[in-house]
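Asker: Top to bottom, those sequences are chains D and V.
The opening position of the first sequence corresponds to residue 0 in numbering that gives the first Met the number 0, with each subsequent residue numbered one higher.
The opening position of the second sequence corresponds to residue 0 in numbering that gives the first Met the number 0, with each subsequent residue numbered one higher.
For glycine and all other residues, C-beta sits at the position ideal for the given N, C-alpha and C.
Dropping the structure in here first, questions after.
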Amino acid sequence: MYKISNVNFFIGKRLILKDLSFSIRQGEIFTIIGPNGSGKTTLLKLLTGFYKPSSGEILLDGIDIRMMTPKALSQKLSVISQNVNIQFPFTCFEVVMMGRNPKLANNQKPSKRDMDVVIWAMEKTNTLQYWDRLITELSGGEKQRIMLARTLAQETPYILLDEAFSDMDMHYVIKSMKLLRELVEQKGVTVVNIVHDLNLVYHFSDSVLLLNGGKIERLGHKVEVMKKENIEKTFKIRVESIKGRGMLILP
Amino acid sequence: MENYYKHLQLEYFRKNKYRVWIALAALTILMIATFFTSINLGRAYIGPRDIAYVILGRLFAREDILSLLDETTSAIIWDIRLPRILCAFFVGGGLAVSGTIFQSVLMNPMADSYTMGVSTGAAFGASIAIYLNIMAMGFAIPITAAAFLGAVLTLCIVMTLSKVRGYLSPVNLILSGIIVSSILSAGVTLIKNAAGENVGAIVGWMMGSLSSSSWSEVFLVLPVTALGTLIPTYFANSLNLLSLGDEEARFLGVDPEKSRRIFLTAASMITAACVSVSGIIGFVGLIVPHMLRLVLGADNRKLIPFSMLLGGELLLVADTVARVLLRTEIPVGVITTMLGGPFFLFIFIRKNRRRYV
Chain D
0 MYKISNVNFF
10 IGKRLILKDL
20 SFSIRQGEIF
30 TIIGPNGSGK
40 TTLLKLLTGF
50 YKPSSGEILL
60 DGIDIRMMTP
70 KALSQKLSVI
80 SQNVNIQFPF
90 TCFEVVMMGR
100 NPKLANNQKP
110 SKRDMDVVIW
120 AMEKTNTLQY
130 WDRLITELSG
140 GEKQRIMLAR
150 TLAQETPYIL
160 LDEAFSDMDM
170 HYVIKSMKLL
180 RELVEQKGVT
190 VVNIVHDLNL
200 VYHFSDSVLL
210 LNGGKIERLG
220 HKVEVMKKEN
230 IEKTFKIRVE
240 SIKGRGMLIL
250 P
Chain V
0 MENYYKHLQL
10 EYFRKNKYRV
20 WIALAALTIL
30 MIATFFTSIN
40 LGRAYIGPRD
50 IAYVILGRLF
60 AREDILSLLD
70 ETTSAIIWDI
80 RLPRILCAFF
90 VGGGLAVSGT
100 IFQSVLMNPM
110 ADSYTMGVST
120 GAAFGASIAI
130 YLNIMAMGFA
140 IPITAAAFLG
150 AVLTLCIVMT
160 LSKVRGYLSP
170 VNLILSGIIV
180 SSILSAGVTL
190 IKNAAGENVG
200 AIVGWMMGSL
210 SSSSWSEVFL
220 VLPVTALGTL
230 IPTYFANSLN
240 LLSLGDEEAR
250 FLGVDPEKSR
260 RIFLTAASMI
270 TAACVSVSGI
280 IGFVGLIVPH
290 MLRLVLGADN
300 RKLIPFSMLL
310 GGELLLVADT
320 VARVLLRTEI
330 PVGVITTMLG
340 GPFFLFIFIR
350 KNRRRYV
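Here it is, written out as structure tokens:
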């Protein structure tokens, strides 16, 4: 469980996140939405421990996240950040195998189980056929599937995603979302997800956090947050809600 | 299905092992051949039998073997050719290893051993020493030591400048490297200008040559390069993760700050040692990692030790050519750059064709 209390975050003198307090329950898909510049990515980076809050604290299963070493953190949570750019020609298999690093000591050879997990992760994301190809030669969507496979191979109880499916085609977006749901239900994994497609949010979330200008606009069950008036006000767009099926965005 | 996986695992490891062993065997044979060719070639002809006698006699301190030869032969092999060959090998290897490390740490395939201004620092130190030795009476500053000092000081300045709230960013390292480097090269120009007609000594040093290598240079370069290769090889897995960027490294359990410090220190010390004994030898640190990545992939656990071998081999060949091709010696830095440049262009074009934009 995540417990975020009174978190403020400054970059220079600019206050990016203002006095956030909320918690994320074990075993739910927690989606963060909000307009550009509302602080979604910054919030996610605080949750990963990469940024330190200027004030307030973030507890991960009761432990202050600042107290955890990178190794300990990497065994608790796996992250896909926006725009990962790998410059060097690692094979896809090597990249997914990097997900096992948190569980291995320096220079320890991957065991049979490590291999099995990597192959399972690549099969789940339908990337096993790429195992020998270089990550630098893949398209954006294919790369994102490899990153998802690496996250699965990390086998962490928390998965944090920052628009991790933005380059995938609709088929794989839905497949990946279903895969996450499967993990949540079967293994009790907790997923924190930044998504732009409001339609997807409705279908693949439990709780939704609507951020605006670094503050919580709405937070709660998806049905309460994904209401016509909330979305229209925050995003300044027109939407039509469809009962039980999310909403239709009107240009 | 189960069978398919087994097959895949096997194939993966077999393919990788084959490549590594074939590359290692080929390089070893090549190195041995180059070593004997190089020690054989030179202005004075000395037969293979005499060479063997000198080396064996000196290594095992057997006066009876050495007494079979005249002193000059013994001195040419033991005091001139052998240290030069060793220097060429370890300087080349060192530059290649530090190039590999710098590229990964700075996340920039275009980086090399000199990107952070270490070489300009060395040149600045050497220029001051040469200038004072010529111009001021009673000065005899060892040029190698001055160059080494200049390199290390520059490195400290660049690392301090790159810190933002205690955090070293790769982009900052490159930028402050460029800034410090251009200030220092203006300084070098100033000294050259002040040196007047003695400018040749400074220019000659900077061109990159191994002609003044003796055993004392070997004893500087060898231990630094050996340690600077072994330690990073041991931690190479963290370097793989670090080459994906700080965030990725952290999320996969590596402390980016801590491991970056280890790798930067190792690579910079190697560069400082290499530049201080040989001057500036271009393109070895840039090309070797690229050549190896084409064959072995991006895994630094293989790249670092192989960079040592291939870099050493290449510079030894280049230096032998520099030494015997013409009547007067060609600076080896000229050869590596003239051959390395076009080759690098080839890799560059080839890579761009295979890449999504």
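Under a CB-based cut-off of 7 Å, is N5 of chain D close to chain V?
Answerer: Taking Cβ atoms only, chain V never reaches closer than 7 Å to N5 of chain D, which makes this a no.
Asker: What three-state label does DSSP hand K12 of chain D in the structure shown?
Answerer: Residue state, collapsed to three classes: coil.
Asker: For V95 of chain D and chain V, any beta-carbon pair shorter than 7 Å?
Answerer: So no, V95 of chain D is outside the interface.
Asker: Whose Cβ in chain D lies nearer than 9 Å to the Cβ of D111 of chain V?
Answerer: Per Cβ cutoff of 9 Å: no residues; D111 of chain V is ~15 Å from chain D at best.
Asker: Does DSSP put R326 of chain V in a helix, a strand or coil?
Answerer: R326 of chain V: coil per DSSP, three-state reduction.
Asker: Is the Cβ-Cβ distance between F29 of chain D and I3 of chain D less than 7 Å?
Answerer: Cβ distance not < 7 Å, so F29 of chain D and I3 of chain D don't count as in contact.
Asker: Please tell me whether V194 of chain D and V188 of chain D are closer than 7 Å, where the distance is taken between their beta carbons.
Answerer: Cβ atoms of V194 of chain D and V188 of chain D: not closer than 7 Å.
Asker: Are the region 280-291 of chain V and the region 92-110 of chain V touching by the rule of at least three beta carbon pairs closer than 8 Å?
Answerer: The region 280-291 of chain V is in contact with the region 92-110 of chain V.
Asker: Can you give the Cα-Cα distance for V356 of chain V and Y171 of chain D, rounded to whole angstroms?
Answerer: A caution first: V356 of chain V carries a pLDDT of 45, below 50, which makes its placement in the model too unreliable to give a value.
Asker: Helix, strand or coil for G245 of chain D per DSSP?
Answerer: G245 of chain D falls in the coil class under three-state DSSP.
Asker: From what residue to what residue does the beta strand (DSSP E) around F29 of chain D run?
Answerer: Here the beta strand (DSSP E) through F29 of chain D covers 28-32.
Asker: Cα-Cα, which of D:E136, D:C91, D:M114 is closest to N125 of chain D?
Answerer: Ranking D:E136, D:C91, D:M114 by Cα distance to N125 of chain D puts D:C91 first.
Asker: Within 8 Å, do at least three Cβ pairs link the region 133-145 of chain D to the region 52-61 of chain D?
Answerer: Taking 8 Å as the limit for Cβ pairs, the verdict is that the region 133-145 of chain D does not touch the region 52-61 of chain D.
Asker: Among residues of its own chain, excluding the 5 on either side of G340 of chain V, which ones have a beta-carbon nearer than 7 Å to its beta-carbon?
Answerer: Once the five neighbours on either side are set aside, the close Cβ partners of G340 of chain V are F282.
Asker: Assign I54 of chain V to one of three DSSP states: helix, strand, or coil.
Answerer: If DSSP states are grouped into helix, strand and coil, I54 of chain V belongs with the helices.
Asker: Please report whether the beta-carbon of N100 of chain D lies at a distance below 7 Å from any beta-carbon of chain V.
Answerer: Chain V, which has a Cβ nearer than 7 Å to the Cβ of N100 of chain D, makes this yes.
Asker: Check whether the region 142-150 of chain D and the region 11-27 of chain D are in contact - that is, three or more C-beta pairs closer than 8 Å.
Answerer: As far as the Cβ criterion goes, the region 142-150 of chain D does not touch the region 11-27 of chain D, which means the pair count is below three.
Asker: V223 of chain V: buried (16+ other C-beta within 10 angstroms of its C-beta) or exposed?
Answerer: Buried.
Asker: Quick one: is S73 of chain D near chain V, going by C-beta distance under 7 Å?
Answerer: Cβ-Cβ to chain V under 7 Å: yes for S73 of chain D.
Asker: My guess is that I230 of chain D and V238 of chain D are in contact by the Cβ rule of under 8 Å, so how many angstroms apart are they, rounded?
Answerer: Yes, they are in contact, since the Cβ atoms of I230 of chain D and V238 of chain D sit about 5 Å apart, within 8 Å.
Asker: Going by other Cβ atoms of all chains shown within 10 Å of its Cβ, with 16 needed for buried, is G139 of chain D buried or exposed?
Answerer: Classification for G139 of chain D: exposed.
Asker: Would you tell me roughly how many angstroms separate the C-alpha atoms of S215 of chain V and S277 of chain V, rounded to the nearest one?
Answerer: So the alpha carbons of these two residues sit roughly 13 Å apart.
Asker: Nearest CA to the CA of T228 of chain V: which residue from V:L309, V:M337, V:V187, V:G92?
Answerer: Among V:L309, V:M337, V:V187, V:G92, the Cα nearest to that of T228 of chain V is on V:G92.
Asker: Quick one: does S80 of chain D have its CB under 7 Å from some CB of chain V?
Answerer: Chain V contact via Cβ: present.
Asker: Who are the neighbours of L240 of chain V on chain D, taking C-beta pairs under 7 Å?
Answerer: Per Cβ cutoff of 7 Å: M97, N100.
Asker: At what residue ranges does the region 279-315 of chain V contain a whole run of the alpha helix (DSSP H), taking only runs of 4 or more?
Answerer: Those alpha helix (DSSP H) runs which fall completely within the region 279-315 of chain V and span 4+ residues are 283-295.
Asker: Using a C-beta cutoff of 7 Å, does G176 of chain V count as contacting chain D?
Answerer: So no, G176 of chain V is outside the interface.
Asker: Going by beta-carbon coordinates alone, are L167 of chain V and T119 of chain V separated by less than 7 Å?
Answerer: It is not a contact, given that the beta carbons lie outside the stated cut-off.
Asker: If I follow the unbroken beta strand (DSSP E) through Y233 of chain V, where does it start and stop?
Answerer: Y233 of chain V -> not in any beta strand (DSSP E); alpha helix (DSSP H) instead, spanning 214-233.
Asker: Would you mind reading off the limits of the beta strand (DSSP E) that contains T252 of chain D?
Answerer: There is no way to answer for residue 252 of chain D, as the model of chain D reaches only from 0 to 250.
Asker: Label Y17 of chain V either buried or exposed according to how many other C-beta atoms from any shown protein chain fall within 10 Å of its C-beta, with 16 as the threshold for buried.
Answerer: Result: exposed.
Asker: So if I threshold CB-CB distances at 7 Å, which residues from the region 248-266 of chain V count as touching chain D?
Answerer: Those residues of the region 248-266 of chain V that come within reach of chain D (Cβ to Cβ, closer than 7 Å) are R249, F250, L251, G252, V253, D254.
Asker: Strictly below 8 Å CB to CB, what residues from chain D border D298 of chain V?
Answerer: Within 8 Å Cβ-Cβ: F89, E93.
Asker: Does chain D have any CB closer than 7 Å to the CB of M206 of chain V?
Answerer: Chain D contact via Cβ: absent.
Asker: With respect to the alpha helix (DSSP H) encompassing D115 of chain D, which residues constitute its N-terminal and C-terminal limits?
Answerer: Segment 111-123, the alpha helix (DSSP H) holding D115 of chain D.
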